[in-house]
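A quick write-up on the structure given underneath.
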Amino acid sequence: MIDTKIINQLTSSLSEYNPSLNSQMAAVNQSLLAIGYILLSIFFMLEMLGFYQNLRLSGGGITIRTWLEVGLKYLFAFLLVTYSSQIFDAILWLTNAAIHMISGNKDISYEFVEPTKGNFFFKNIIKFIGVGTEYVTKLTVSILVMLRFIEMYLLKAIAPVIIAFFMSDSFRQIAKNIFMTFAAVALQGVVIIILCAIYPAIVSDDLMKVSMSGAGQNWLTSFASIAKGIIFIIILVSSLRRAKSLLNVMG
Numbered sequence: 221m222i223d224t225k226i227i228n229q230l231t232s233s234l235s236e237y238n239p240s241l242n243s244q245m246a247a248v249n250q251s252l253l254a255i256g257y258i259l260l261s262i263f264f265m266l267e268m269l270g271f272y273q274n275l276r277l278s279g280g281g282i283t284i285r286t287w288l289e290v291g292l293k294y295l296f297a298f299l300l301v302t303y304s305s306q307i308f309d310a311i312l313w314l315t316n317a318a319i320h321m322i323s324g325n326k327d328i329s330y331e332f333v334e335p336t337k338g339n340f341f342f343k344n345i346i347k348f349i350g351v352g353t354e355y356v357t358k359l360t361v362s363i364l365v366m367l368r369f370i371e372m373y374l375l376k377a378i379a380p381v382i383i384a385f386f387m388s389d390s391f392r393q394i395a396k397n398i399f400m401t402f403a404a405v406a407l408q409g410v411v412i413i414i415l416c417a418i419y420p421a422i423v424s425d426d427l428m429k430v431s432m433s434g435a436g437q438n439w440l441t442s443f444a445s446i447a448k449g450i451i452f453i454i455i456l457v458s459s460l461r462r463a464k465s466l467l468n469v470m471g
């Protein structure tokens, strides 16, 4: 079901999957850096104002330690905003490395088992349904791969604005969430490969086979093959939700 072409797509970097789109999203990322820096400056001034008001009420002053703490937090947030694109690329590189190690030279496939006995008319109906299921299964993987990359391109583009909220204690979780969301989407590729690798072993013929003989056994094998394909599609569609649940990402 996942051939070499799909595996190559899953392990592609953002620049390899669609160079033109990646260039456009990188340009958007660079354009939004200015807004990110402005937000950082606003949060920095608001935090210093809060410090000043609290210290004025307590009769103290802003110490070197206070300046150092705020300065280090601002510097860290500044680096996250500036290098958000590179950070996302690094996250994807790590998941791609995991996909390479998992996939290896394994023959990961789903193929419909055609009936060879029985009524010609019904045999062709079952064959049509089975071949259609096989096609939909392959198409589902291709669509999931495409949607996965579209979401990663989007997150990479808007990252500077969202990550700027890291400077604010109240909104820091928003900045953390975009990193975790991107990591979950990247991890989806690993989840897809693992599901494809373990599914044939878990849903084996022995689990969906009843002892029959002759044409009955042949028909049952074909029906079981179709059922496996349908279940497989359901599992694949839920792969992103599974990846997000692993990283405790909401949405």
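Residue numbers (this note's numbering): 221 to 471. Note that the Cβ used here is the ideal one computed from N, Cα and C, for glycine as well. Bear in mind that the values here come from a model prediction, so they are computed numbers and not experimental data.
#1: Can you confirm whether M387, when its beta carbon is compared against all beta carbons of chain D, has any partner nearer than 7 Å?
#2: For Y373, which of helix, strand or coil comes out of DSSP?
#3: Quick one: measure Cβ to Cβ for V365 and I226, integer angstroms, because I've assumed they're closer than 8 Å.
#4: Could you tell me the alpha carbon to alpha carbon distance between F402 and F342, rounded to whole angstroms?
#5: Where in the stretch 256-302 do unbroken runs of the alpha helix (DSSP H), each at least 4 residues long, occur, reported from the N-terminal end onward?
#6: Between the alpha carbons of I412 and L456, how many angstroms are there, rounded?
#7: With DSSP run on the structure shown, which of helix, strand or coil describes F342?
#8: Helix or strand or just coil, what does DSSP make of S243?
#9: DSSP state of S445, grouped into three classes?
#10: Assign T231 to one of three DSSP states: helix, strand, or coil.
#11: Tell me whether V410 sits in a helix, a strand or coil according to DSSP, three-state version.
#12: Put L467 into one of helix, strand or coil per three-state DSSP.
#13: When you compare the CB positions of M372 and L467, do they come within less than 7 Å of one another, or not?
#14: Exposed or buried, what is E354 when buried is set at 16 or more other beta-carbons lying within 10 Å of its beta-carbon?
#15: For S304, report the span of its alpha helix (DSSP H) as first-last.
#16: Looking at C-alpha atoms only, which residue of S458, G352, F263 is the closest neighbour of M387?
#17: Nearest to I319 by alpha carbon, out of G449, Q408, L460?
Checking against the coordinates, here is how it stands:
#1: Within the model displayed, chain D is absent; a lone protein chain is all it includes.
#2: Locating residue 373 in the sequence shown gives position 153, counting from the first residue. Helix, per DSSP.
#3: As a first step, residue 365 is located in the sequence shown; it is residue number 145 there, counting from the start. As a first step, residue 226 is located in the sequence shown; it is residue number 6 there, counting from the start. Right, the Cβ-Cβ distance comes to about 7 Å (below 8 Å), so this counts as a contact.
#4: Against the sequence shown, residue 402 aligns to sequence position 182. Against the sequence shown, residue 342 aligns to sequence position 122. Between F402 and F342, the C-alpha separation is close to 47 Å.
#5: 284-302
#6: For the purposes of this step, residue 412 is identified with residue 192 of the sequence shown, where counting begins at 1. For the purposes of this step, residue 456 is identified with residue 236 of the sequence shown, where counting begins at 1. Distance between the alpha carbons of I412 and L456: 7 Å.
#7: Residue mapping note: residue 342 aligns to position 122 of the sequence shown, counting from 1. If DSSP states are grouped into helix, strand and coil, F342 belongs with the helices.
#8: As a working note, residue 243 is residue 23 in the sequence shown. DSSP places S243 in helix when its eight states are reduced to three.
#9: What you label residue 445 is simply residue 225 of the sequence shown in a count that begins at 1. It is helical.
#10: The count along the sequence shown starts at 1 and reaches residue 231 at position 11. DSSP places T231 in coil when its eight states are reduced to three.
#11: Reading the sequence shown from its first residue, position 190 is the one you call residue 410. V410 falls in the helix class under three-state DSSP.
#12: On the sequence shown, residue 467 is found 247 positions in, with the first residue counted as 1. Correct three-state label for L467: coil.
#13: Taking the sequence shown and counting its residues from 1, the one referred to as residue 372 is at position 152. Taking the sequence shown and counting its residues from 1, the one referred to as residue 467 is at position 247. Not a contact, by the Cβ cut-off of 7 Å.
#14: On the sequence shown, position 134 is the one that residue 354 refers to. When all chains shown are included, E354 counts as buried.
#15: One-based indexing of the sequence shown puts residue 304 at position 84. It spans 304-323 - the alpha helix (DSSP H) in which S304 sits, taken as one unbroken run.
#16: The sequence position of residue 387 within the sequence shown is 167, counting from 1. If we check each option's Cα against that of M387, F263 comes out closest.
#17: As a position in the sequence shown, residue 319 is number 99, starting the count at 1. Nearest of G449, Q408, L460 to I319, Cα basis: Q408.
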